[in-house]
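557 is the number that full-length UniProt numbering gives to position 92 of the sequence shown; each next residue is one higher, with no gaps.
Glycine included, C-beta positions come from ideal geometry on N, C-alpha and C.
What follows is one structure encoded as structure tokens, with my remarks underneath.
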Amino acid sequence: AKAGGRNRIEFFEAGMQTEVEERLAIEHDMQDGIERGQFDLHIQPQVDASGAVVGGELLMRWTHPVRGAVPPNQFIPLAEESALILRLGDLVLQRACEALAQLQRQGLRLDLSVNVSPRQFRRADFVDRVREALTRAGARAEGLILEVTEGLLIDNWADTVSRMDELVALGLRFSIDDFGTGYSSLAYLKKLPLYELKIDRTFVRDTPDDPNDTAIVEAILSVSKHLGLRVVAEGVETAEQADFLRSRGCDCLQGYFYGRPEPLAAWLARQG
Ligand code: C2E
Ligand code: CA
Ligand code: CA
Ligand code: CA
């Protein structure tokens with residue numbers, strides 16, 4: 466037993482070593498990748514109940530020369546543990562504003578949604594950075610939607626609300642991403658300056674077959690209607706899901722059924 470324990474400890478330590486090394490390597494590569502322009506944006510369309518494109522969500526992509534396409538779930542959580550998420554966040558915000566300016570110059574009223582990480586949102590000068598990105602790009606704030614998660618609301622409630630109010634005053638709108646997966650109180654919904662909720666795709670996935678998920682989706686739609694919030698269903702993959710969601714009054718749909726994320730530049734070139 467002793468020998469086994471010892472082996473396990475050695476194995477564990479060796480494992481930790483490589484994990485730490487791996488993280489450091491990725492962090493270093495991210496830093497490098499930012500400088501070399503390896504990060505860019507994809508966009509996934511959002512459609513209204515009639516199927517017309519009303520905008521899209523911007524999703525970060527990292528093309529690493531050796532690792533290839535690194536999915537956001539592999540680098541965003543790591544970036545969030547360091548200041549790198551701030552640099553990536555700035556990059557996304559600037560690119561989003563440029564894209565928005567391009568759409569607005571063409572007279573297109575499409576909304577662009579941007580994911581904002583808690584660390585980025587809580588940064589002391591976040592509001593200034595948003596304002597500067599808009600000014601630099603020559604974009605009006607009206608087309609920009611910031612997606613934040615429920616986790617943001619757990620602490621610093623007063624600061625969070627006043628910051629949101631400031632950004633709303635600039636013309637931006639707020640969306641609660643992955644709605645239903647986090648902070649479970651509905652009471653906060655009416656106290657925040659919100660524009661929309663995004664139903665997490667784990668709830669959408671098994672509708673309309675699963676009665677529990679179906680009930681949850683219906684409840685979210687009903688509450689939102691009463692509060693005057695737009696609802697986006699994410700992860701819509703089938704016609705059945707789309708029909709169900711539309712029949713229950715869902716305003717906006719997003720998912721592989723309507724379109725996969727694609728490079729932003731190519732999408733922009735096709736608009737107008
Ligand atoms: P999210 O904000 O919930 O984004 C939706 C994710 O679901 C995207 O994955 C999208 O490609 C995927 N998706 C869309 N439609 C479908 C569908 O029909 N079926 C399935 N199975 N999946 C679908 P992606 O692009 O890999 O992004 C993963 C997460 O990374 C995002 O989740 C978001 O939390 C984070 N992320 C992406 N871009 C950014 C960014 O610019 N900033 C920050 N802070 N986070 C980002
Ligand atoms: Ca999102
Ligand atoms: Ca989401
Ligand atoms: Ca998600």
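Counting of Cβ neighbours within 10 angstroms places Trp622 among the exposed residues, the total staying below 16.
The beta carbon of His507 sits closer than 7 Å to the beta carbons of Leu524, Arg526, Pro726, Glu727, Pro728, Leu729 from its chain, once the five residues preceding and following it are set aside; these are given in chain order. With a threshold of 6 Å, the Cβ atom of Glu727 does not count as near ligand 3, since no heavy atom of the ligand is closer than that. At least one heavy atom of ligand 2 lies less than 6 Å from the C-beta of Asp642. One thing to note: Cys715 has its Cβ within 7 Å of the Cβ of Ala698. Close CB contacts of Gln585 within its chain, under the 7 Å cut and outside five residues either way in sequence, are with Ile550, Leu551, Gly554, Phe591 (chain order). In this structure, Ile681 keeps its C-beta atom at 7 Å or more from the C-beta atom of Leu662.
Straight across, the Cα-Cα distance linking Gly616 with Arg587 is about 12 Å. A heavy atom of ligand 3 is found nearer than 6 Å to the CB of Lys663.
Annotation for Asn621 indicates a beta carbon at 6 Å or more from all heavy atoms of ligand 2. Phe639 has Leu611 as its beta-bridge partners, per DSSP. Per DSSP, reduced to three states, the secondary structure at Pro726 is coil, with no helix or strand assignment. For Glu607, the closest of Asp620, Gly572, Pro583, Arg628 by C-alpha to C-alpha distance is Gly572. Assigned with DSSP and collapsed to three states, Asn621 falls in coil, not helix or strand. Spanning the alpha carbons of Ile664 and Phe644 requires a straight line of approximately 5 Å.
A straight-line Cα-Cα distance of about 16 Å links Tyr660 and Leu618. Of the heavy atoms belonging to ligand 3, none sits nearer than 6 Å to the Cβ of Glu522. Here the alpha carbons of Leu686 and Val696 stand approximately 7 Å from one another. The continuous alpha helix (DSSP H) containing Lys690 extends over residues 676-692.
Glu546 carries a coil assignment under DSSP once its states are collapsed to helix, strand and coil.
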